[in-house]
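Asker: Residue numbers (this note's numbering): 161 to 696.
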């Protein structure tokens, strides 16, 4: 909700939910337990709304708990967050050592010749010119024609990342490109905290000794380490994997995704930034998981997400150091455990869980902050409408369930379609049959050589990601007939002039600056017109 939104009176009678004629009492005080990116993004979302002037927002942050910050990347939706708040990139990006992100390169997930590496792009208006040749060639190759169908050739974002260009075009080029960001998660939390304080959010640094429940089982207050009790009408759990409120106090069950997402641990370490500053995350398949490489303005973030059932923490650290070429370097490593899955109820009683406390689907597609943003926006909406009854809670939780499970399906598809056979880890992922019916529908439709778009639009499968993402994933992994089974294309199958596609991409990329030059002089103003139609 923007600052210019229509003012809604939170004390006005609300439309009854579930047949009730009694409107719930208004929420006047929300207490967010936990800071970091999740807590402060939520606080700012609540404070920057029509409801904000009549709402007290308190962030209770323990000085004893650090920020996990496993991922330092975002989806394009983070642009919308900052634009809604009126915070310019030129202000927050330098403060958080941030860089631009055009998409993600997947390295070594497939062993099929010609498909060992592919790029998952954030698409642009320009891709409307090359999307149809890509999709047509994909289906021609699925039908057995030897045509070029690797996604990297067809998307401007892939060329931008490859050439270390920034994804914001010069002012005289009237086409927008979706992009995300890389950033220092700790600095982002600190920046958001300062902004929240400027907008009237109360910040208390205290440790919670006990969560107090009333006779109905709702949270009544928090017993703090100084002996005081902090009361509020509504609580937000941003306590990370500990899930102090929603999990521990309210005993909300946790639904794990371990049956088809094996990774449950990570090891991270920084290295000096060296070479071109590419506007991409690189996800490289290793023996028991994958390694991330994220460029910031002052360092490179690295980490290894792996399955503890397939290798030890020491083995993972050694493999990461060898991968980075710093086996004997005196660089400290940070080990993390991940709880992959979701809470059964994101909203339980008078508490909504946001961030890692609500669930996590590993950092492969950088969706953690997206879920923070989406859940916070949904919370603002229900508070503004005073839609706090059982029906509203059920709708809220069902919407979040669908988001988590749809994202899980897309990420599981990366592992299921891998063609590596070098370790038990990768073989187990390829052989995994614990797939949702939705994901089975995507894969069956692809293998039967039918278009995905109709099924995606009808909601039969693959919801949560646009069709282009599924096409980039499955084509990029080389899920096609084997090369020896391909035949020369017919004239109809070879009707697209790929030299013209190459020329169009090359001419378009000329309008985008070098990534470092863009960061040195971030232009004013943002556009999020494309974000209006994103599949989320």
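By construction, the Cβ of each residue, glycine as well, lies at the ideal position given by its N, Cα and C atoms.
Measure the CB-CB distance between residue 658 and residue 281 and report whether it falls below 9 angstroms.
Answerer: No, they are not a contact pair.
Asker: Would a C-beta distance cut-off of 9 angstroms place residue 620 and residue 598 closer than the cut-off?
Answerer: It is a contact, given that the beta carbons lie within the stated cut-off.
Asker: Measure the beta-carbon distance from residue 467 to residue 449 and round it to whole angstroms, keeping in mind my assumption that it falls under 8 angstroms.
Answerer: Between residue 449 and residue 467 the Cβ distance is about 6 angstroms, and since that is below 8 angstroms, they are a contact.
Asker: Could you spell out where the alpha helix (DSSP H) holding residue 204 opens and where it closes?
Answerer: That run of the alpha helix (DSSP H) goes 196-207.
Asker: Starting from the Cα of residue 651, find the closest Cα among 311, 604, 306 and 376 and give me that residue.
Answerer: Cα-wise, what sits closest to residue 651 is 306.
Asker: Please return the same chain residues whose Cβ sits closer than 7 angstroms to the Cβ of residue 451, not counting the five positions on each side in sequence.
Answerer: Once the five neighbours on either side are set aside, the close Cβ partners of residue 451 are 444, 462, 463, 464, 480 and 483.
Asker: Going by CA-CA distance only, name the one from 588, 593, 557 and 554 that's closest to residue 569.
Answerer: Taking only the C-alpha atoms, the option nearest residue 569 is 593.
Asker: Along the chain, where does the alpha helix (DSSP H) that runs through residue 702 open and close?
Answerer: Outside the displayed span of the chain (161 to 696) sits residue 702, for which this structure offers no information.
Asker: Does the ligand SAM have a heavy atom nearer than 8 angstroms to the CB of residue 632?
Answerer: Annotation note on the ligand SAM: not contained in the displayed structure, which lists no ligands.
Asker: Would you mind stating whether residue 193 and residue 397 have Cβ atoms separated by less than 9 angstroms?
Answerer: Contact: yes.
Asker: Measure the C-alpha to C-alpha separation of residue 548 and residue 211 and round it to an integer number of angstroms.
Answerer: About 15 angstroms.
Asker: Distance check for residue 638 and residue 315, CA to CA, integer angstroms please.
Answerer: One C-alpha to the other measures close to 17 angstroms.
Asker: Do residue 609 and residue 405 have their beta-carbon atoms positioned less than 9 angstroms apart in this structure?
Answerer: Their beta carbons are not under 9 angstroms apart, which means residue 405 does not touch residue 609 by this criterion.
Asker: Run through DSSP, which three-state label would residue 267 get?
Answerer: Reduced to three states, the DSSP call for residue 267 is strand.
Asker: What residue does the alpha helix (DSSP H) around residue 296 start on, and which one ends it?
Answerer: First-last of the alpha helix (DSSP H) with residue 296: 291-302.
Asker: Counting Cβ pairs, one atom from each stretch, are 3 or more of them under 8 angstroms apart for the segment 505-515 and the segment 380-396?
Answerer: As far as the Cβ criterion goes, the segment 505-515 touches the segment 380-396, which means the pair count is three or higher.
Asker: For the beta strand (DSSP E) containing residue 452, name the first residue and the last one.
Answerer: Taken as a continuous stretch (DSSP letters only), the beta strand (DSSP E) holding residue 452 covers 449-455.
Asker: Please confirm whether residue 296 and residue 655 have their CB atoms less than 9 angstroms apart.
Answerer: Contact flag set, yes.
Asker: Between residue 252 and residue 238, what straight-line distance do the alpha-carbon atoms span, to the nearest angstrom?
Answerer: Taking the straight line from one Cα to the other gives about 12 angstroms.
Asker: Quick check on residue 333: does DSSP put it in helix, strand or coil?
Answerer: If DSSP states are grouped into helix, strand and coil, residue 333 belongs with coil.
Asker: What would DSSP say about residue 343, mapped onto helix, strand or coil?
Answerer: Coil at residue 343, not helix or strand.
Asker: For residue 501 versus residue 418, is the C-beta spacing smaller than 9 angstroms?
Answerer: Cβ atoms of residue 501 and residue 418: closer than 9 angstroms.
Asker: What is the C-beta distance between residue 233 and residue 441, in whole angstroms, given that I count them as a contact (C-beta under 8 angstroms)?
Answerer: 5 angstroms between Cβ atoms; contact.
Asker: Cα-Cα, which of 526, 588 and 553 is closest to residue 539?
Answerer: Ranking the options by Cα distance to residue 539, first place goes to 553.
Asker: Between which two residues does the beta strand (DSSP E) carrying residue 438 extend?
Answerer: Looking at the DSSP string, residue 438 is not in any beta strand (DSSP E), and its letter there is neither H nor E.
Asker: What does the alpha-carbon distance come out to for the pair residue 421 and residue 213?
Answerer: About 43 angstroms.
Asker: Tell me the residue span of the beta strand (DSSP E) that contains residue 362.
Answerer: 362-365 is the span of the beta strand (DSSP E), which, as asked, contains residue 362.
Asker: Under 8 angstroms, with one C-beta from each stretch per pair, do the segment 521-531 and the segment 578-588 reach the 3-pair mark?
Answerer: Contact between the segment 521-531 and the segment 578-588 is absent, because fewer than three Cβ pairs lie under 8 angstroms.
Asker: Going by DSSP, which residues form a beta bridge with residue 382?
Answerer: DSSP, once it has assigned bridges, lists 371 and 390 as partnering residue 382.
Asker: Inspect the CB distances between the segment 362-370 and the segment 380-390 and report whether three or more fall short of 8 angstroms.
Answerer: They touch, by the three-pair rule.
Asker: Would you kindly work out how many angstroms separate the C-alpha atoms of residue 261 and residue 185, rounded to a whole number?
Answerer: Approximately 44 angstroms between the Cα atoms of the pair.
Asker: CB residue 133 to CB residue 322, shorter than 9 angstroms?
Answerer: No statement about residue 133 is possible, as the shown extent of the chain runs from 161 to 696 and does not include it.
Asker: Which residue or residues does DSSP assign as beta-bridge partners of residue 520?
Answerer: Beta-bridge pairing links residue 520 to 501.
Asker: In terms of residue numbering, what span does the alpha helix (DSSP H) encompassing residue 560 cover?
Answerer: Segment 550-576, the alpha helix (DSSP H) holding residue 560.
Asker: CA-CA distance, residue 660 and residue 668?
Answerer: Whole-angstrom Cα-Cα distance: 12 angstroms.
Asker: Go to residue 254, then tell me how far its alpha helix (DSSP H) extends in each direction, as first and last residue.
Answerer: Residues 249-255.
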